[in-house]
Amino acid sequence: MKSNPKTLLVAVATAIAVAGASPVAVKRASDTTVVHLNQCSGSPQHFAQGVLYGVNGTSPPQSYVTDLGINYLSEGGAQIDAQPAGYAASMASYQRRFNQLLGGYQRMRAVGGVTIAKMADLYGADETTDSSFVWPGDNGDWTKWDAFVQQLISDIKANGMTAAYVLQLEPWNEPDINFGGRPQSQFNELWRRTTVALRSAFGPNTSSYLPIVGPSTAGNPGYNNGWWNSWLSSIQSNGGTSVQPDVYNWHMEGGLPNDPIPPAQALPAYVRNYGLTTGIGIQNNEFGVREQQVPGWAAWFHARYERLKFNALRGNWARGAALLDSLADLLIKNSDGSYSETGEYQVYKFYKLMAGAPCNTDSGSSIDSYAVGATNNVTALIGSENFSGTWNVNFQNVNSYFGSATQVKADLIYLPYSNGGVVNGWTTSSTKTLAVSNNAVTASFSVANGQDAYAVRLHI
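Using mature numbering (1 follows the signal peptide of the UniProt record, and there is no 0), the letters of the sequence shown correspond one by one to residues -21 to -1, 1 to 439.
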């Protein structure tokens, strides 16, 4: 979350055509993604099915959470009450925010999901603070922050939230841009003392291991990021691996395309340079700017995180009460209090329902795919960086699922944006027969609006 606020249409004319076995070599008004059907294994893990905030009490109904298979929630009660708020203001405000966290935790536990506790929200720093807010460590005084950390530890234990791994603890949100203009050394000290306290209470190799997530920056890690260099250097000098994160986290909400792959691939070597490890993994617990919250981008992000194989949570650009509702705008809240589904909701639902073994895929220049294979049935969900033109989905090693078949049928499935309006499902636009050539087929179709998403299903 940053500080700025954030009827099914008739399917567009499309066609599936027979193509050669190899991806298009020269791309003019087309792009190609490749699905390797001889490289499918395991079961779907739904790595990109988390949300930032988006629930409050029983709103929206739990049936929507279950329908989408939401498996990660980041919560801390941000903006549930007006400033001054949180522990920094009063125990009453802190308790309201903690109860919001607890409610979200209970909803995630009901579906086997994970909750990330946003400690900055609980303390009161939810990006609505004013100049009177006293930041942790101001004038060298850590008394209130330390007391807050101990209060949170006590409340987590008292409310039975200590089952290993299902609650993660995030000391601060976007400290590189949201720490009151204080020196970075002040945040670095907050990180050190907080991780020491949390590890003492919920350390590794115990039945109550609660992983620490961070630093949750707005900027990507890398040698050219001075903030990250300073933070890692501070960790190296003040405890090393004993105070590093269990889960490295940053947000993908900067300039387009917000591709998570380059920084994630670079991170292991980068942190090793400071004598640190990658802990138990990586996370992006906020991804996508507002203009990327459309079906086409959503399917593209799902493909990227499936390739990376780590969890990610959809960003939330709402404000006030809306921040804690509507599953981060996957739903539309109607004037009578009921909810309607969006085109993006349908992408998340389609993704959740894809059954089979996940397959390795290759992205194109602007399109990407997530695919699963099952007996005589293969499905690929395709999204793009808002690319309009001809989309090609090349399926290699067709015999892995269709044996000696000389042809397969291909359904083209349309998941429209519909200008952000109500979309009640997806439609099969066409079914064509594709001839198998050199053990491959390519489904090609014309896309007029790159904000839409598509799927291709092969079957006999």
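Just so you know, even glycine gets a beta-carbon here, dropped at the ideal spot from N, CA and C.
Bear in mind the structure is a predicted one, so any value in this text is a computation, not a measurement.
Buried or exposed: which applies to residue 244, given that a residue is buried once 16 or more other Cβ atoms fall within 10 Å of its Cβ? Label assigned to residue 244: exposed.
Just curious, the beta strand (DSSP E) that residue 44 is in, first and last residue? Under the DSSP assignment, residue 44 falls outside any beta strand (DSSP E), being part of the alpha helix (DSSP H) whose first and last residues are 41 to 47.
Proximity winner among 68, 182, 82, 60, relative to residue 38 (alpha-carbon distances): Looking only at 68, 182, 82, 60, the smallest Cα-Cα distance to residue 38 is reached by 82.
Using a threshold of 8 Å, state whether the C-beta atoms of residue 143 and residue 188 are closer than that. Remark: C-beta atoms of residue 143 and residue 188 approach each other more closely than 8 Å.
Between the C-alpha atoms of residue 426 and residue 366, what's the straight-line distance to the nearest angstrom? So the alpha carbons of these two residues sit roughly 8 Å apart.
Cβ contact (3+ pairs, closer than 8 Å) linking the region 251 to 258 and the region 216 to 223: Counting C-beta pairs with one atom in each stretch, the region 251 to 258 and the region 216 to 223 have three or more that are closer than 8 Å, which means they touch.
Alpha carbon of residue 423 to alpha carbon of residue 172, nearest angstrom: One C-alpha to the other measures close to 56 Å.
Are residue 396 and residue 430 close, meaning C-beta to C-beta below 8 Å? Contact: yes.
What three-state label does DSSP hand residue 129 in the structure shown? Correct three-state label for residue 129: helix.
Beta strand (DSSP E) segment containing residue 378, residue limits: Careful: residue 378 lies outside any beta strand (DSSP E), inside the alpha helix (DSSP H) at 378 to 381.
Could you say which of 64, 281, 119, 202 lies nearest to residue 109 if we only look at CA atoms? Nearest option by C-alpha distance: 64.
Residue 427 (DSSP reduced to helix, strand or coil): DSSP, read as helix, strand or coil, puts residue 427 in coil.
Alpha carbon of residue 162 to alpha carbon of residue 209, nearest angstrom: Cα to Cα, the separation comes out at about 11 Å.
Helix, strand or coil for residue 411? Go by DSSP, reduced to three states. The answer is strand: DSSP assigns residue 411 an E or B state.
Along the chain, where does the alpha helix (DSSP H) containing residue 202 start, and where does it finish? No alpha helix (DSSP H) contains residue 202, which DSSP labels as neither H nor E.
So residue 328 packs on residue 46, CB below 8 Å; how close in whole Å? For residue 328 against residue 46, the beta-carbon gap comes to about 6 Å, under 8 Å, which counts as contact.
Which of the three DSSP states is assigned to residue 435 in this structure? Looking at residue 435 - three-state DSSP - the assignment turns out to be strand.
Is the beta carbon of residue 348 closer than 8 Å to that of residue 359? A Cβ-Cβ contact shorter than 8 Å links residue 359 with residue 348.
Thinking C-alpha only, which one of 198, 58, 405 is nearest residue 392? Looking at the Cα atoms, 405 is the closest of the given residues.
Who are the Cβ neighbours of residue 165 in its own chain at under 6 Å, not counting the five residues just before and after it? Correct list, in chain order: 116.
Alpha carbon to alpha carbon, how far is residue 28 from residue 308? In this structure, the alpha-carbon of residue 28 lies about 14 Å from that of residue 308.
Complete runs of the alpha helix (DSSP H) confined to the region 98 to 153 [at least 4 residues]: Here the runs fully enclosed are 98 to 102, 122 to 137.
Rounded to whole angstroms, what is the Cα-Cα separation between residue 114 and residue 106? Rounded to the nearest whole angstrom, the CA to CA distance from residue 114 to residue 106 is 12 Å.
Close-in-space but distant-in-sequence residues of the same chain around residue 357 (CB under 6 Å, 5 per side omitted): Within the same chain, 380, 437 come within 6 Å of residue 357 by CB-CB distance, once the 5 residues on both sides are set aside.
Is the number of C-beta pairs between the region 337 to 345 and the region 85 to 101 that are closer than 8 Å three or more? With the cut-off at 8 Å, the region 337 to 345 and the region 85 to 101 do not touch.
Simplified DSSP state of residue 368, which is helix, strand or coil: In the displayed model, residue 368 falls within a strand according to three-state DSSP.
Top-ranked residue by Cα proximity to residue 233, from 277, 282, 294: Put simply, of 277, 282, 294 the residue whose alpha carbon is nearest the alpha carbon of residue 233 is 294.
Just to check my reading of the structure: residue 419 and residue 377 have Cβ atoms closer than 8 Å, yes? What is that Cβ distance to the nearest angstrom? The pair is a contact, with the Cβ atoms about 6 Å apart (cut-off 8 Å).
Residue from 354, 433, 388, 371 with nearest C-alpha to residue 17: Selected option, being the one with the closest Cα: 354.
Write down every uninterrupted run of the alpha helix (DSSP H) in the region 257 to 320 whose length is 4 residues or greater and which is fully enclosed by it, in chain order. Runs found: 274 to 287, 305 to 308.
Where does residue 226 sit, in a helix, a strand or coil, going by DSSP? Residue 226 falls in the strand class under three-state DSSP.
Here's a check: name, in chain order, each residue in its chain whose Cβ is nearer than 8 Å to the Cβ of residue 101, leaving out the five neighbours to either side. So the list reads 55, 56, 65, 66, 73, 76, 77, 80, 127, 131, once near-sequence residues are dropped.
Do residue 237 and residue 195 have their C-beta atoms within less than 8 Å of each other? Result no, Cβ atoms of residue 237 and residue 195 do not sit closer than 8 Å.
Excluding the five sequence neighbours on either side, which residues of its own chain have a C-beta within less than 6 Å of the C-beta of residue 242, listed in chain order? Closer than 6 Å at Cβ, skipping near neighbours: 199, 200.
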